[in-house]
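Chains as they are written, first to last, in numbering that gives the first Met the number 0: chain A, 0 to 601; chain B, 0 to 93. Cβ coordinates follow ideal geometry from the N, Cα and C atoms, glycine included. Treat the numbers as computed from the prediction; the structure is a model and nothing was measured. Okay, so here's the structure we're looking at.
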Amino acid sequence: MKIKAAGIDIGNATTEVAAGIFEDGNLIACESGIAATTGLKGTAENLEGIFTALEEAAAKLGMKPEDFDELRINEAAPVIGDFAMETITETVITDSTMIGHNPDTPGGEGLGLGTTVRIDEAKGKGPFVVIADEKIRFSKAAELINGYMALGTEITGAILKNDDGVLVSNRLDRKIPIVDEVREVERIPLGMKCAVEVAPKGKRIKVLANPYGIADMFDLTAEETEASIQIAKALIGNRSAVVIKTPEGNIKEHKIPAGQLVFVTENQSLKTDVDKGAAQIMGTAEKAREILDIQGTRGTNVGGMLEGIREDMAGRVGRDSSSIQIRDIFAVDTLVPKAVRGAMASEYSMEKAVGIAAMVKSDHLMMKEIADRLEKALGVRTIIGGVEGIMAAGGALTTPGTKAPVVTLDIGAGSTDACYIAENGETRIAHLAGAGNMVTMLIKSELGLEGTEIAENIKKYPLAKVETPYHIRHENGDVEFFEKAFDSSMFAKIVLVTPDGFVPVETRHTLEKIREVRINIKKKVLTSNVLRTLRKISLTGNITEFRQVILVGGTALDFEAGDMLTEILLEYGIVSGRANVRRIEGPRNAVATGLLLGGLRP
Amino acid sequence: MRKPAVEIVKYIERDISEIVYGIEEEGIPSEQVDKSCVSEAMQTYVRVAVYVDEILVFFDKYSLEKPYIRYSTGDSLRKIGANCARLIKGSPLL
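Next up, the structure:
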């Protein structure tokens with residue numbers, strides 16, 4: 000007799016269906032369906048996405064969703080994951096002391112030291128650094144400076160509001176360093192000692208990016224020199240910079256209290272300071288082993304994020320937020336560009352930060368509700384089919400060339416799941432926070448991007464640069480020519496190579512920088528999270544006990560992450576590769592297939 | 000010897016020094032040439048043709064016949080100049 004069944008996997012990002020017809024226990028036909036998950040995973044809002052995916056798979060079998068004999072949905076631990084960034088340091092300039100931006104075209108070159116003065120008021124011997132607002136045209140500025148020099152007044156540098164540095168420089172009798180495009184030129188204090196440095200083309204400033212260079216310029220004491228590292232730090236890599244010393248001027252790196260994380264276990268509470276960094280946080284988390292709940296200090300970003308997901312989940316299950324437990328977090332060290340407080344040309348400084356992803360599991364009641372509603376709507380018996388990790392393994396093992404003992408690693412958008420299957424069918428599973436979404440958030444913050452969508456696209460697609468109207472150079476160096484010219488708005492732009500064409504990335508970063516950040520973040524997140532997930536399911540705590548790892552889930556589809564993982568795991572002597580579920584699905588549809596097949600059949 | 004840079008051709012009488020300044024600020028040499036000296040084959044990387052109602056930018060890597068960018072007379076001349084230089088530098092346009 001024939002049985003028509005479907006496995007339904009509701010993921011954080013996609014809902015997948017594997018629909019099949021069994022005859023006398025043998026699968027004789029099987030098709031897949033896929034749709035975007037509607038609403039948050041594990042909530043009644045998912046039904047819409049389920050119907051879409053189910054209809055697609057059913058139609059391929061010439062059926063309707065109502066025609067199934069049985070539906071099996073994953074006993075998903077509905078996961079609410081979120082991500083927060085806690086900045087640990089910030090640079091504060093109490094009173095204006097520095098300008099360190101990178102105009103495209105500063106003028107002249109060299110290093111000049113002088114007293115700040117308005118360009119039309121330089122009287123006396125000098126040396127002066129002259130300051131011009133937007134009302135002074137470049138020809139007037141050059142005329143004034145040449146006039147002062149002719150009268151014996153020493154002019155050592157210039158700071159301009161307009162983008163005129165080269166134009167002024169080209170009209171001077173003697174070259175001086177000129178920094179232009181300083182937006183808040185009015186805020187520069189007058190009558191103060193000031194150093195201006197412009198590096199030759201292709202070079203970076205040397206003196207003002209070095210604390211001892213700054214000390215030498217301004218006769219600083221040893222203590223003041225130490226504080227000036229904050230100026231130097233913010234100026235490293237620039238082609239031009241200005242540093243002004245005011246009597247009360249001060250600059251310091253300020254440590255922001257980032258609060259604590261508390262890991263509650265059966266018999267103890269382990270605390271760690273967030274500002275100690277990711278290694279210490281994750282060390283404490285692993286020490287705690289079976290975590291019952293995680294709490295964060297109120298008033299901090301991480302504390303707020305943890306409370307936020309607790310309340311979110313509480314609202315969805317209609318319970319008190321104090322009864323919702325956060326079972327896992329994953330922390331990564333990062334650097335984020337932050338505006339320097341008190342700066343004059345929107346300078347930023349790379350500040351230390353910790354990114355933390357957290358995860359909360361709800362109870363099975365929610366899945367029961369989805370199952371009940373589905374059953375009611377379609378009139379088809381619906382059961383909760385088994386633990387997600389084990390189901391994924393069941394699907395992954397349909398990949399040619401695989402057999403137990405093996406680990407299935409499912410890196411999705413919100414969580415990382417691992418399932419070990421021994422030869423005798425015994426399983427060990429882990430379900431941990433931190434996956435694809437975290438990579439997106441880190442790309443967004445490290446590159447200082449405005450939106451999440453662009454960060455997501457940078458994660459997903461390789462880069463290229465439009466070099467001429469007719470050709471692009473891909474990030475691996477390959478050149479591709481086109482019959483039709485690129486519009487001038489695309490000229491010299493960095494673009495993402497997407498299936499829908501080239502999408503420009505609006506940024507001042509170079510292609511190399513974006514690529515480096517993307518690759519480093521993927522490696523950082525994947526390596527540390529995969530290794531800790533494997534440690535969690537290992538009996539010995541030593542992951543070399545595993546021989547094979549099959550990769551499934553969204554991250555395995557990433558254009559480079561799969562290969563990165565293969566390389567990382569090879570260092571531990573572990574063979575790994577992407578699954579090819581049912582020989583056709585690639586790393587997709589593993590859980591749905593596992594559900595359809597009724598779980599594990601080692 | 001071919002001239003490296005931007006050639007500016009005026010087909011009308013108009014003060015276009017701001018275009019020249021825009022190119023100069025970007026650090027690229029430019030030259031104004033008489034319209035009678037313009038040859039069909041481009042002798043320069045970029046040619047800017049200034050007409051009554053529009054300013055056309057020809058780029059040798061695009062086409063000798065068709066302009067790569069069309070500006071209206073209302074556009075900032077300084078920006079047009081900067082963009083001509085940026086075509087040569089391979090920098091994104093403003």
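| Item | Value |
| --- | --- |
| To the nearest angstrom, report how far apart ARG13/B and PRO188/A are at their CA atoms. | 41 angstroms |
| Report the residues of the segment 444–468 of chain A with a CB closer than 7 angstroms to any CB of chain B, ordered along the chain. | GLU466, THR467 and PRO468 |
| Give the list of continuous beta strand (DSSP E) stretches no shorter than 3 residues that lie fully inside the segment 327–384 of chain A. | 347–360 and 380–383 |
| Tell me which residues share the same chain as ALA141/A and place their Cβ nearer than 7 angstroms to its Cβ, disregarding the 5 neighbours each side in the sequence. | VAL167, ARG170 and LEU171 |
| Excluding sequence positions up to five away, which residues of its chain have a Cβ less than 7 angstroms from the Cβ of GLU603/A? | Chain A is shown only over 0 to 601; residue 603/A falls outside these bounds and no answer can be derived. |
| State yes or no: is the beta carbon of PHE57/B nearer than 9 angstroms to at least one beta carbon in chain D? | The displayed structure is made up of protein chains A and B, and chain D is not among them. |
| On the DSSP bridge assignment, give the partners of GLN547/A in chain order. | VAL574/A |
| Is the beta carbon of VAL263/A closer than 9 angstroms to that of GLY295/A? | no |
| Once DSSP output is grouped into helix, strand and coil, what is the label at MET41/B? | coil |
| Which whole runs of the beta strand (DSSP E) in the segment 449–518 of chain A are 3 residues long or more, in chain order? | 462–467, 470–473, 478–480, 493–497 and 500–503 |
| Cα separation between ASN579/A and ILE228/A? | 53 angstroms |
| Please identify the residue among VAL197/A, PRO256/A, GLY447/A and PHE21/A whose C-alpha is closest to the C-alpha of VAL241/A. | VAL197/A |
| Are there three or more Cβ pairs, one per stretch, closer than 8 angstroms when the segment 126–133 of chain A is compared with the segment 153–168 of chain A? | yes |
| Report buried or exposed for MET602/A, applying the criterion of at least 16 other Cβ atoms within 10 angstroms of its Cβ. | Within the shown structure, residues of chain A are numbered from 0 to 601, placing residue 602/A beyond reach of any answer. |
| Quick check on GLY203/A: does DSSP put it in helix, strand or coil? | Residue 203/A is actually Arg in this sequence, not Gly. Coil, per DSSP. |
| Since GLU30/B is in the beta strand (DSSP E), which residue starts that stretch and which ends it? | 29–32 |
| Which chain A residues sit within Cβ distance under 7 angstroms of SER90/B? | ALA491 |
| Taking any Cβ of chain B, which residues in the segment 567–600 of chain A have a Cβ under 9 angstroms from it, in chain order? | none |
| Would VAL51/B be called buried (16 or more neighbouring beta carbons within 10 Å of its own) or exposed? | exposed |
| Comparing the C-beta of GLY111/A with each C-beta of chain B, is any distance below 9 angstroms? | no |
| Between the Cα of GLY201/A and those of MET440/A, ASN101/A, ILE520/A and VAL496/A, spot the shortest distance and give me the residue it belongs to. | ASN101/A |
| Leaving out five residues on either side along the sequence, give the residues of the same chain with a beta carbon under 6 angstroms from the beta carbon of ARG427/A. | TYR419 and ILE536 |
| SER602/A CB to nearest chain B CB: under 9 angstroms? | Here chain A has residues from 0 to 601 only, and residue 602/A is not among them. |
| Taking the C-alpha atoms as reference points, what is the distance between ILE9/A and GLY500/A? | 30 angstroms |
| Between LYS9/B and the rest of its own chain, which residues show a CB-CB distance below 6 angstroms, the 5 nearest in sequence each way excluded? | VAL49 |
| Whole angstroms is fine: what's the gap from MET0/B's alpha carbon to GLU64/B's? | Low confidence applies to MET0/B: its pLDDT is 48, below 50, so where it sits in the model is not reliable enough to give any reading. |
| Buried or exposed: which applies to GLU452/A, given that a residue is buried once 16 or more other Cβ atoms fall within 10 Å of its Cβ? | exposed |
| Using the beta-carbon count (16 or more within 10 Å), is GLY540/A buried or exposed? | exposed |
| Is it buried or exposed, PHE481/A, if we count other Cβ atoms within 10 angstroms and call 16 or more buried? | exposed |
| Would you say GLU23/B lies against chain A (beta-carbon separation less than 9 angstroms)? | yes |
| If we count the other Cβ atoms within 10 Å of its Cβ and call it buried at 16 or more, is CYS193/A buried or exposed? | buried |
| Spell out a yes or no on whether the segment 387–395 of chain A and the segment 405–414 of chain A are touching, meaning 3 or more CB-CB pairs, one atom from each, closer than 8 angstroms. | yes |
| With three or more C-beta pairs closer than 8 angstroms as the rule, is the segment 347–354 of chain A touching the segment 319–338 of chain A? | yes |
| Based on DSSP bridge pairs, tell me the residues matched to GLY106/A. | ILE177/A |
| Taking 7 angstroms as the limit between beta carbons, can you name the residues of its chain near ARG472/A, skipping five residues before and five after? | ALA463, LYS464, GLU466 and VAL478 |
| Going by DSSP, which residues form a beta bridge with CYS193/A? | GLY113/A and ILE243/A |
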